[in-house]
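Numbering (our numbering), first residue to last: 515 to 581.
Glycine included, C-beta positions come from ideal geometry on N, C-alpha and C.
Each remark here refers to the structure printed beneath this line.
Structure representation (C-alpha cells):
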C-alpha cells in the first residue's frame with residue numbers, strides 16, 4: 515500500500531480497561547504501532563486512559579504529545 519501524503523498526524527487510541535492477563539498484548543500492539551508510524555514520519559498522538567500501560571507509556575514519553 516502506498517504511503518499517504520495527505521496525512522501528517524495519526525491518533526492512536528489506547529485499548530482502555532482490560533482483563534488481567536490481556537494487558538500485555540494490547541499494550542505491546544499499541545506501542546509497536548506508534549514506533550512504526552513515527553519511523554514512517556507521522557506525528558503520533560496517543561490517547562490513553564491508562565497511563566500505567568508500560569510499553570505504550572515508553573512510546574508516549576518519547577513522543578512529542580501524550581493525552
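(request) Could you give the DSSP three-state label for residue 580: helix, strand or coil? (result) Low per-residue confidence applies at residue 580: pLDDT is 49, beneath 50, and the placement is therefore not dependable enough to give any value.
(request) Compute the distance between the beta-carbons of residue 544 and residue 555, then report whether it is under 8 Å. (result) no
(request) Express the C-alpha separation of residue 541 and residue 517 in angstroms, rounding to a whole number. (result) 25 Å
(message) Assuming the contact rule is C-beta atoms closer than 8 Å, residue 526 and residue 550 should be a hit. Round their C-beta distance to whole Å, please.
(response) Residue 526 to residue 550, Cβ: 11 Å. No contact.
(message) So if DSSP puts residue 561 in a beta bridge, which residue, or which two residues, is it bridged to?
(response) 527
(message) For residue 561 and residue 521, what's the separation of their Cα atoms in angstroms?
(response) 18 Å
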